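*Asks:*
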Amino acid sequence: MKRVFSFYADAGHGWLRVQKSILAELDIAEKISSFSYQRGDYAYLEEDVDLSLFLKAMRDRGIEPEFREYHSEYSRIRSFDHYRYKLPL
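Everything in the sequence shown is counted per numbering that gives the first Met the number 0, starting at 0 for the first residue and increasing by one.
1) The alpha helix (DSSP H) with E24 in it runs from where to where?
2) In terms of DSSP beta bridges, what is A8 paired with?
3) If you run the structure through DSSP and keep just helix, strand and coil, what is R38?
4) Less than 8 Å between the beta carbons of S33 and R83, yes or no?
5) Thinking C-beta only, is A10 closer than 8 Å to E72?
6) Have a look at the DSSP bridge pairing and note the partners of L44.
7) Closest to R16 by C-alpha separation, out of E65, A8, F4 and D26, would be which residue?
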């Protein structure tokens, strides 16, 4: 099974856009660091650690992620709120 995700990068860093509900389904929502960002229903996983955690969780479930890549000089993702896990109500 394949799923397509958007990967955004600027001159200094990159992030994968993932719905927060997917992080919960993979049971990794509470493991994502504050080096990632969030906006609305999406998390933007930083490329160094959080993205690797996500890829391992996906592949462990037999899902092979594919990426659409977008590049810019300076990403607006840097202005989003840092990721913070909130317990479900």
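Ideal Cβ positions, reconstructed from N, Cα and C, are used throughout, including at glycine.
Here the structure is a predicted model, which is why all the values come from computation and not from measurement.
*Replies:* On the basis of the supplied data:
1) In the sequence shown, residue 24 corresponds to position 25, counting from 1. In the DSSP annotation of this structure, the continuous segment of the alpha helix (DSSP H) that includes E24 starts and ends at K19 to E24.
2) Counted from its first residue, the sequence shown places residue 8 at position 9. Looking at the DSSP assignment, A8 forms a beta bridge with G13 and H70.
3) Position 39 of the sequence shown, counted from the first residue, corresponds to residue 38. In the structure shown, R38 sits in a strand (DSSP, three-state: E or B).
4) Here the question's residue 33 lines up with position 34 in the sequence shown. Here the question's residue 83 lines up with position 84 in the sequence shown. Contact flag set, yes.
5) Residue 72 sits at position 73 when you count from the first residue of the sequence shown. Residue 10 sits at position 11 when you count from the first residue of the sequence shown. Yes, the Cβ-Cβ distance between E72 and A10 is below 8 Å.
6) Translated into the one-based positions of the sequence shown, residue 44 becomes position 45. According to DSSP, L44 bridges with L15.
7) Reading the sequence shown from its first residue, position 17 is the one you call residue 16. Ranked by Cα distance from R16, the first of E65, A8, F4 and D26 is F4.
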